[in-house]
Amino acid sequence: MTAMTISAEEKAAQMNAAGSGFLPGHLGIRILTAEPGRVTAELPVLPHLLAPNGYLHAGSVVTLADTACGYGCLNSLPEGAQSFTTIELKSNHTGTARDGSIEVLATARHLGRTTQLWDAEVSYQGKVIALFRCTQMLLYPKPQV
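Each number in our numbering corresponds to the 1-based position in the sequence shown with 49 added.
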């Protein structure tokens, strides 16, 4: 490893530190690995993340997937891009959880100069419980006039 490269785990630690005072940190999302085009993360299933029916709230699942895809987008920005904004997202839920933790694997499907497309699979105890897709619009500095 050279001085210019860091491991996927070190990059994940940087992302966890950056998100600690924001929604990902408040919910307990932990990025496990982050490399260009791929992010893994987990979320403990805690009582405040459940819906009134006692099952994990779908918004908690979507937030985990969206967070992993967002960090992946930031980690995969092309030269000159400074940030991004989500312009579309979709999720399909096929299961849920009541305890333990859920995991996500986010994978880039398209890394363009103006948009990125990311897919995420959320799993509980080895079973896929949600499929997620989002489109990110890349943001560039405004030209100086």
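Positions of the beta carbon are idealized from the N, C-alpha and C atoms, including for glycine.
Values in this document were obtained by computation on a predicted structure and should not be read as measured data.
Given a cut-off of 9 Å on the beta-carbon distance, is the pair residue i and residue j in contact?
i, j, result
"T112", "I80", "no"
"A179", "G144", "yes"
"Q165", "T134", "no"
If you run the structure through DSSP and keep just helix, strand and coil, what is residue i?
i, result
"L95", "coil"
"L126", "coil"
"T116", "helix"
"H159", "strand"
Name the one or two DSSP bridge partners that residue i has.
i, result
"K176", "Y173"
"I151", "L92 and Y173"
"N102", "Answer is none; N102 lacks a bridge partner."
For the stretch 128-141 and the stretch 149-156, state whether three or more C-beta atom pairs, one from each stretch, are separated by less than 8 Å. The stretch 128-141 vs the stretch 149-156: no contact.
Quick test of the definition: if touching needs 3 or more C-beta pairs under 8 Å, does the stretch 110-125 touch the stretch 160-173? Touching, yes.
Does the structure place the stretch 93-111 close enough to the stretch 54-68 that three or more beta carbon pairs sit under 8 Å? No, because fewer than three Cβ pairs between the stretch 54-68 and the stretch 93-111 fall closer than 8 Å, the two stretches do not touch.
So within the stretch 54-90, which uninterrupted alpha helix (DSSP H) runs reach at least 4 residues, ignoring any that extend past its ends? As far as the stretch 54-90 is concerned, its whole alpha helix (DSSP H) runs of at least 4 residues are 57-68 and 72-76.
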